[in-house]
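Colleague: Residue numbers (the working numbering), protein chains in the order written: chain A, 13 to 319; chain B, 13 to 319.
Note that CB positions come from ideal geometry on N, CA and C, so glycine has one too.
There are 2 protein chains.
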Amino acid sequence: MRENNLSHELTVVGSAALDTIETPSGRVEDALGGSAFYIGAAASMFTPLHLIAVVGEDFPMAEIAFLRARGVNLDGLEVASGATFRWEGRYHENMNHRDTICTKLGVFEGFKPKLPRKAAEAGFLLLANIDPKVQLEVLRKMKSTRLTAFDTMNLWINERRSLVDQLIRKVDVVIVNDEELSLLTGTNSMLNGGLELLRRGPRYVVVKKGEHGAILLGRDQPPFLCPAYPLSAPKDPTGAGDTFAGAMIGYLAATGELSPFNFRRAVVYGTVTASFAVEEFGLGRLKSVTFEEIEERFRTFQAMVEF
Amino acid sequence: MRENNLSHELTVVGSAALDTIETPSGRVEDALGGSAFYIGAAASMFTPLHLIAVVGEDFPMAEIAFLRARGVNLDGLEVASGATFRWEGRYHENMNHRDTICTKLGVFEGFKPKLPRKAAEAGFLLLANIDPKVQLEVLRKMKSTRLTAFDTMNLWINERRSLVDQLIRKVDVVIVNDEELSLLTGTNSMLNGGLELLRRGPRYVVVKKGEHGAILLGRDQPPFLCPAYPLSAPKDPTGAGDTFAGAMIGYLAATGELSPFNFRRAVVYGTVTASFAVEEFGLGRLKSVTFEEIEERFRTFQAMVEF
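1. What does DSSP give as the partner residues of residue 136 of chain B in its beta bridges?
2. What does residue 312 of chain B reach in chain A if we use C-beta pairs closer than 8 Å?
3. Name the residue from B:55, B:66, B:101 and B:162 whose alpha carbon lies nearest to the alpha carbon of residue 41 of chain B.
4. What would DSSP say about residue 82 of chain B, mapped onto helix, strand or coil?
5. Mind listing, in chain order, the continuous alpha helix (DSSP H) runs of no fewer than 4 residues lying wholly within the region 194-273 of chain B?
6. So residue 292 of chain B packs on residue 232 of chain B, CB below 8 Å; how close in whole Å?
7. Which residue marks the beginning of the beta strand (DSSP E) containing residue 302 of chain B, and which one marks its end?
8. For residue 315 of chain A, which residues in chain B fall below 7 Å Cβ to Cβ?
9. Using a Cβ-Cβ distance cut-off of 8 Å, determine whether residue 276 of chain B contacts chain A.
10. Between residue 317 of chain B and residue 309 of chain A, what straight-line distance do the alpha-carbon atoms span, to the nearest angstrom?
11. For a test of the three-state rule: what should DSSP assign to residue 126 of chain B, helix, strand or coil?
12. What first and last residue would you give for the alpha helix (DSSP H) that runs through residue 49 of chain A?
13. Show which residues of chain C have a CB atom less than 7 Å away from the CB atom of residue 166 of chain B.
14. By Cβ distance below 8 Å, which residues in the same chain neighbour residue 153 of chain B in space, the five residues on each side in sequence not counted?
15. If contacts are defined as beta-carbon pairs under 8 Å, then residue 279 of chain A and residue 218 of chain A qualify, I think. What distance do you get, rounded to the angstrom?
16. Applying the criterion that 16 or more other CB atoms from any shown protein chain within 10 Å of the CB defines a buried residue, is residue 111 of chain B buried or exposed?
17. On the criterion of 16 or more Cβ atoms from any shown chain inside 10 Å, does residue 69 of chain A qualify as buried, or is it exposed?
18. Taking only three categories from DSSP, how would you classify residue 65 of chain A?
19. Relative to the C-alpha of residue 98 of chain A, which candidate in A:138, A:225 and A:30 has its C-alpha closest?
20. Measuring straight from C-alpha to C-alpha, what distance separates residue 75 of chain A and residue 298 of chain A?
21. Grab me the residues of residue 118 of chain A's own chain with a C-beta within less than 8 Å of its C-beta, minus the 5 sequence neighbours each way, in chain order.
22. Helix, strand or coil for residue 14 of chain B per DSSP?
23. Can you tell me whether DSSP reads residue 291 of chain A as helix, strand or coil?
24. Establish whether the CB of residue 203 of chain B and some CB of chain A are separated by less than 8 Å.
25. Could you check which residue in B:124, B:290 and B:25 has the C-alpha nearest to that of residue 48 of chain B?
26. For residue 301 of chain B, which of B:45, B:104, B:313 and B:78 has the nearest alpha-carbon?
27. Can you check whether the C-beta of residue 104 of chain A is within less than 8 Å of a C-beta belonging to chain B?
28. Would you call residue 125 of chain B buried or exposed, if buried means 16 or more other Cβ atoms sit within 10 Å of its Cβ?
29. On the three-state DSSP scale, how would you describe residue 172 of chain A?
30. By a C-beta neighbour count over all protein chains shown, 10 Å radius and 16 as the cutoff for buried, is residue 38 of chain A buried or exposed?
31. Give me the Cα-Cα distance between residue 21 of chain B and residue 168 of chain B, rounded to the nearest whole angstrom.
32. For a test of the three-state rule: what should DSSP assign to residue 113 of chain B, helix, strand or coil?
33. Go to residue 146 of chain B, then tell me how far its alpha helix (DSSP H) extends in each direction, as first and last residue.
34. Give the DSSP bridge partners of residue 100 of chain B, in chain order.
35. So, is the C-beta of residue 239 of chain B closer than 8 Å to a C-beta in chain A?
36. If you compare alpha carbons, which of B:201, B:158 and B:211 is closest to residue 177 of chain B?
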């Protein structure tokens, strides 16, 4: 928890992918995707960040020019020989469920992130959903973090449970969705499950419920109930959870204030930024969104919850 | 919209039943139930009310002594020769879904509510989920309402659609759950569906989403997003929606203030009162709850949503 001159910077480690996505609204092929890019696109609206991921030689670098333009440090984006990770998914009618049609790990298989010195010195770390073994290695390499956060998925909870448990004990913020929370705690109650996770180590647990919003749980404070931002025409939910996490941690890094009150505001920034993500396919809307638009939606959200 | 000396009173028309309920937490047989009693129990915490329903000769009158003690006017509770309406249902593991095992309408079949004069002169009317033909007849008999609200179910939407549509045009507040809203508007978007209903006539549309909260939509005002009150150990969701509606309209009747701001507060009172309903089987908790407990939970809820 020491302060240093990189204390407002954020290091993000995650997947870089080319996604083929089908939803009731349409279809895209080989669109820019992966947790690292969703998080990068969201967090870069708030704070300087280092993006650590791996792509193949086939990766269309021009697609991420917008990240560079937003000041994202891409020194940690490795280009390996082989093909970029590809994922194909199809969403059901109500977009709450999806089927994975195809996963080709390519260069993402055996990903061993190399942390440039500045990335290792950042004050904030967000470990997106990747192999928990790799997440733990990155965590060990960080020099002096003020806040560490991690996300995971049912695959790792089922297959590498003890490593996931280690991460839960070591990080400051655990970010899970409702299904993962049930798997981790054996309860269907979001409240009980979240409180149980909180007892295992982290300072905060954030439960993502998709279109139903999120719950923030912290020690010695009331839960924070955050509805989702209602949208008329969501098109593609891919990456909404990563966008939420990226904006949340990005906002905390930018403000540097880790009070319970500011954590609540961070969750709201996560919520409204994620609402942009689902308005277009892939990263389409996150590429064009402005900080003023995010601020405007933050104020609109306030007007939709006060009573 | 004229004021009269009964302007703060509420008339409730609904079903009176004996419920056999099985949830993962246990089972009760022939417990006091039905929309009229859930609404009556909730609304009577806020305002004087007239309860209009029908029971059979087998009905255990002692069970509703608590309503009389709260000042509920039971002149409109008809005792008909025959058996009380019985419903049996079983909830799935996560309590979001239930199967109806058995329905015996008994005296509820062909229910023709008789409105005592004072009930017809009440300022507020809440038509719980019953045959829309009956709801329309009651609506016509009311003398000078300040606010009318109605609830329905998929059965009536599917089988008596034109009558349901008439009600939507005539009442001030339409209360539906997410499934009913989809049926009525053909959309999966709660926001679009709610706004579409609003265009058909009512001043307000309230969309109940169960454990995911509620949305209030009114003309020329932002939507109000209300999360559900989180519970550690919900036992029986039966009647939660009726309790919500009863407390909401009861609060509006009690305060007599129909501003957008007060509608939002009414939705929050509905939410916190419904949270008590699911803590015990049937009407167990609503029988014992005090106004101080509701107020305390209202304040706790405020502390869980502010940012």
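Modeller: Short version:
1. Checking the DSSP bridge columns, you'll see residue 136 of chain B partnered with B:22 and B:159.
2. At a C-beta separation below 8 Å, residue 312 of chain B has these neighbours in chain A: 234.
3. Minimum Cα distance to residue 41 of chain B is reached at B:101.
4. It is coil, neither helix nor strand.
5. Taking 4 residues as the minimum length, the alpha helix (DSSP H) runs contained wholly in the region 194-273 of chain B are 202-211 and 252-267, in order along the chain.
6. Residue 292 of chain B to residue 232 of chain B, Cβ: 40 Å. No contact.
7. First-last for residue 302 of chain B: undefined, no H or E at that position.
8. 234, listed in chain order.
9. Under the 8 Å criterion on CB atoms, residue 276 of chain B is classed as interfacial with respect to chain A.
10. Going from the Cα of residue 317 of chain B to the Cα of residue 309 of chain A covers about 17 Å.
11. In the three-state reduction of the DSSP assignment, residue 126 of chain B falls in the coil class.
12. That run of the alpha helix (DSSP H) goes 47-55.
13. Any reference to chain C falls outside this structure, whose protein chains are A and B.
14. For residue 153 of chain B, where only same-chain residues beyond five positions count, the Cβ hits under 8 Å are 127 and 132.
15. That belief holds up - the Cβ atoms of residue 279 of chain A and residue 218 of chain A are roughly 7 Å apart, short of 8 Å.
16. Exposed, because fewer than 16 other Cβ atoms sit within 10 Å of the Cβ of residue 111 of chain B.
17. Classification of residue 69 of chain A: exposed, given that the 10 Å Cβ count is below 16.
18. Note: residue 65 of chain A maps to strand in three-state DSSP.
19. That would be A:30, whose Cα lies nearest to the Cα of residue 98 of chain A.
20. Distance between the alpha carbons of residue 75 of chain A and residue 298 of chain A is about 12 Å.
21. Excluding residues up to 5 positions away in sequence, 68, 94, 95, 96, 97 and 98 lie with their Cβ nearer than 8 Å to the Cβ of residue 118 of chain A in the same chain.
22. The predicted position of residue 14 of chain B is uncertain, since its pLDDT is 46 and thus under 50; a value taken from the coordinates is nonetheless stated next. Coil, per DSSP.
23. Annotated three-state conformation of residue 291 of chain A is coil, per DSSP.
24. Under the Cβ distance rule, residue 203 of chain B counts among the residues neighbouring chain A, one pair being separated by less than 8 Å.
25. When C-alpha distances from residue 48 of chain B are compared across B:124, B:290 and B:25, the shortest belongs to B:25.
26. For the options B:45, B:104, B:313 and B:78, the alpha carbon positioned closest to that of residue 301 of chain B is the one of B:78.
27. In terms of beta-carbon proximity, residue 104 of chain A stays away from the interface with chain B, with every pair separated by 8 Å or more.
28. Residue 125 of chain B comes out buried.
29. Here residue 172 of chain A sits in coil by DSSP.
30. Residue 38 of chain A should be labelled exposed.
31. Linking residue 21 of chain B to residue 168 of chain B through their CA atoms gives a straight-line distance of about 28 Å.
32. Under the three-state reduction of DSSP, residue 113 of chain B is assigned to strand.
33. For residue 146 of chain B, the enclosing alpha helix (DSSP H) stretches over residues 144-153.
34. Paired residue(s): B:32 and B:114.
35. Taking Cβ atoms only, chain A reaches closer than 8 Å to residue 239 of chain B, which makes this a yes.
36. Selected option, being the one with the closest Cα: B:211.
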